[in-house]
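*Asks:* The UniProt record's numbering numbers the first residue of the sequence shown as 1 and each following residue consecutively.
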Amino acid sequence: MTEHHGAEGKETGRRSRALKTAGLALAGTLVLGAGAAGWAYWHLSDNITGVDIDNALGDDRPPKPVTTPASSAPALPSEALNILVLGSDSRSGKENRRLGGGDSSGARSDTAMVVHLDAGRTSATVVSIPRDTLVTRPSCPRPSGGSTAVAHHSMFNSAYEVGGPVCAVKTVEEMTNVRMDHYLEIDFSGFAELVDALGGVTVTTDEDIADEDSHLRLKAGTHHLDGTQALGLARTRHGIGDGSDLGRIGLQQKLVKALLEQIAAQDLLTDPARLYRVADAVTAGLTTDTGLDSLAELTRLGQSLQGLSASGVRTVMMPVVRAPSDPNRVVAEEPEAGKLWESLR
C-alpha cells in the first residue's frame, strides 16, 4: 500500500508540474500577445501627425450644422460630415523624393478633395478642387507665429505651401462657406504603400498615357496597378487631354472609386497580418486634425462608414472656367459652384 501511494503521489506531482508549466506558458503567450498588440496600437497611433486646426482658426469660421439630437445616442456617429482631403507632394524622406517629391524643401497640395458624407453615411459626394484655381487666399496664422498676408488671384495650392494644413482649411472654408469638420493629408509614399498593402488597384483608362513627369506609360484599357503606378496615375497631367490639371482630376476620381472597390473586396478582419499592413500604410504618411489623430478615432470613423460602398460615392469637380487674366488658370464658375457648395452645408 505504501509503495502504491508513493507512485500515485509522484504521478500527481508530475501532472501538477506539467499543468503549472502549461499555465505559465499560456500566461506568457497572453502577456506577449497583449504586449505585441499594445506595441502595434502605439506604433500605428504614433505614425499619425496631428495638427490643432480648430485652435489655430478659432471661431472665425463657417458655423457647424445644427443637428437634432437623437433620443438615444447611436453606437457610431452618423451625422453628415465634411472632410478636406489633401494629397501632398512632400519632399521629406528618401522614399518621397524617389517617388517624385523632388529635392527642395517644403511641399504643395497636389490633390484637394472635399469629401461630404451624407447623414447616415451610406452615400457621399467627393468634390475635387483644381489646384490651378485662382482664389483670394486669406490671412492665415503661421506655425512659427504671425500671419500670412491676404493674397488676391493666388493659386489654390499656394495656401498649403505658405501656411500648411491650417491655411488650406481656412482657404477652402472661405471659398465655399462650408465648415470642414476634419482634415486628412497623405503624402506620396503613404499613398503608394497603401495601394501595395491592398494588393494594387484595377483602373480602366480611356486613352493611352505617356507622361515623362509622372513616369507612367499605359495603353488605353484596364490595368492592375501597383502603388508606384497608381501614384503615377494620380500625378499624370501632361500625358492626357490638354495637359491641364482638369484631365488629372478625372484620373484621380477613377482612383478613388478603385480604392473603395479594392477595400470592399478585402476581408481584412479575417487576415490580421494584412489588416496591420494596411493600417500601417494608411497611418505612415498621414497628417490629420487633432480630432482624428489617434488609431481609436480613425477606427471609429472607419466603422461609421461600413454602409458606404463605391456605388454610393458621387465624384464631381468644382465647376470652373478659364481665368480671364490667365488662360493657364481657372476660376470658380458661378452660380454653379456656389450651388454645389450650398448643397453640402
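In this text, a Cβ means the ideal position worked out from N, Cα and C, and glycines have one as well.
Among residues of its own chain, excluding the 5 on either side of Asp-110, which ones have a beta-carbon nearer than 6 Å to its beta-carbon?
*Replies:* Correct list, in chain order: Gly-87, Asp-89.
*Asks:* Going by C-alpha to C-alpha distance, which of Thr-228, Ile-209, Val-203 sits closest to Thr-222?
*Replies:* When each option's Cα is compared against that of Thr-222, the closest is Val-203.
*Asks:* Measuring only the C-alpha atoms, how far is Ala-273 from Pro-141?
*Replies:* The alpha-carbon atoms of Ala-273 and Pro-141 are separated by roughly 42 Å.
*Asks:* Taking the beta strand (DSSP E) that Met-317 falls in, what are its first and last residues?
*Replies:* Counting along the chain, the beta strand (DSSP E) containing Met-317 begins and ends at 313-317.
*Asks:* Restricting to Cα atoms, I'd like to know which of Asp-226, Pro-138, Thr-236, Gly-227 is closest to Leu-216.
*Replies:* Comparing Cα positions, the closest option is Thr-236.
*Asks:* How should Gln-303 be labelled, buried or exposed, when 16 other C-beta atoms within 10 angstroms of its C-beta is the threshold for buried?
*Replies:* Its Cβ having fewer than 16 others within 10 Å, Gln-303 is exposed.
*Asks:* What is the rounded straight-line gap between the Cα of Asp-118 and the Cα of Thr-125?
*Replies:* Cα to Cα, Asp-118 sits roughly 8 Å from Thr-125.
*Asks:* According to the Cβ coordinates, are Ala-45 and Leu-295 closer than 7 Å?
*Replies:* The residue asked about is misnamed: residue 45 is Ser in this sequence, not Ala. Cβ atoms of Ser-45 and Leu-295: closer than 7 Å.
*Asks:* Give me the Cα-Cα distance between Arg-314 and Thr-122, rounded to the nearest whole angstrom.
*Replies:* For Arg-314 and Thr-122, the distance between alpha carbons rounds to 12 Å.
*Asks:* Count the other C-beta atoms from every protein chain shown that fall within 10 angstroms of the C-beta of Ser-144, then say buried if there are 16 or more, exposed otherwise.
*Replies:* Classification of Ser-144: exposed, given that the 10 Å Cβ count is below 16.
*Asks:* Here's the rule I'm using: 16 or more other beta-carbon atoms within 10 Å means buried, otherwise exposed. How should Asp-245 be labelled?
*Replies:* By the neighbour-count rule (16 or more Cβ atoms within 10 Å), Asp-245 is buried.
*Asks:* Across which residues does DSSP place His-215 in a beta bridge pair?
*Replies:* None; His-215 has no bridge partner.
*Asks:* Among Gly-338, Ser-311, Arg-329, Gly-291, which one has its Cα closest to the Cα of Leu-184?
*Replies:* Selected option, being the one with the closest Cα: Gly-291.
*Asks:* For Ala-337 and Asp-271, I'd like the C-alpha separation in whole angstroms.
*Replies:* Using only the alpha carbons, I get a separation of about 43 Å.
*Asks:* Below 8 Å, how does it come out for the segment 249-269 and the segment 226-234: are there three or more Cβ pairs, yes or no?
*Replies:* Flag = yes, the segment 249-269 and the segment 226-234 touch.
*Asks:* Give, in chain order, every unbroken run of the alpha helix (DSSP H) that is at least 4 residues long and sits entirely within the segment 144-228.
*Replies:* Within the segment 144-228, the complete alpha helix (DSSP H) runs of at least 4 residues are 158-176, 188-197.
*Asks:* Between Gln-306, Ala-75, Arg-61, which lies nearest to Val-169 when the distance is taken from Cα to Cα?
*Replies:* Among Gln-306, Ala-75, Arg-61, the Cα nearest to that of Val-169 is on Arg-61.
*Asks:* In three-state DSSP terms, what is Asp-326?
*Replies:* In this structure, Asp-326 counts as strand in the three-state DSSP scheme.
*Asks:* Do the CB positions of Asp-181 and Gly-200 come within less than 7 Å of each other?
*Replies:* Not closer than 7 Å, so no.
*Asks:* Suppose the cutoff is 8 Å on Cβ atoms and the five residues either side in sequence are ignored; what does the same chain contact list for Arg-300 look like?
*Replies:* Leu-76, Pro-77, listed in sequence order.
*Asks:* Would the C-beta of Gly-307 count as close to the ligand FMN, meaning under 6 Å from any of its heavy atoms?
*Replies:* What this structure holds is no ligand at all, so the ligand FMN is not there to describe.
*Asks:* Within 8 Å, do at least three Cβ pairs link the segment 46-58 to the segment 146-163?
*Replies:* Verdict: no, contact absent.
*Asks:* Check for me: the beta strand (DSSP E) holding Ile-129 runs from which residue to which?
*Replies:* It is not in any beta strand (DSSP E) - Ile-129 carries neither H nor E in the DSSP assignment.
*Asks:* Would DSSP call Gly-101 helix, strand or coil?
*Replies:* With a pLDDT of 48 at Gly-101, under the threshold of 50, the predicted position of this residue should be treated as unreliable, though the coordinate-derived value follows. The answer is helix: DSSP assigns Gly-101 an H, G or I state.
*Asks:* With the cut-off set at 7 Å, would you say Ala-220 and Asp-208 are in Cβ contact?
*Replies:* The answer is yes: Cβ separation under 7 Å.
*Asks:* Looking at the structure shown, is Ser-304 part of a helix, part of a strand, or coil, going by DSSP?
*Replies:* In the structure shown, Ser-304 sits in a helix (DSSP, three-state: H, G or I).
*Asks:* Could you have a look at Thr-52 and say whether DSSP puts it in helix, strand or coil?
*Replies:* Strictly speaking, residue 52 in this sequence is Asp, with Thr absent from that position. Note: Asp-52 maps to coil in three-state DSSP.
*Asks:* Given a threshold of 16 other Cβ atoms within 10 Å of its Cβ, counted over all protein chains shown, does Asn-82 qualify as buried or as exposed?
*Replies:* With 16 or more Cβ atoms within 10 Å of its Cβ, Asn-82 is classed as buried.
*Asks:* Leu-198 to Gly-285, Cα distance in whole Å?
*Replies:* Taking the straight line joining both Cα atoms gives about 16 Å.
*Asks:* Between the alpha carbons of Phe-191 and Ala-281, how many angstroms are there, rounded?
*Replies:* Taking the straight line joining both Cα atoms gives about 8 Å.
*Asks:* Between Asp-196 and the rest of its own chain, which residues show a CB-CB distance below 8 Å, the 5 nearest in sequence each way excluded?
*Replies:* If we look at Asp-196 and ignore the five residues flanking it on each side, its Cβ neighbours are Asp-226, Gly-227, Ala-281.
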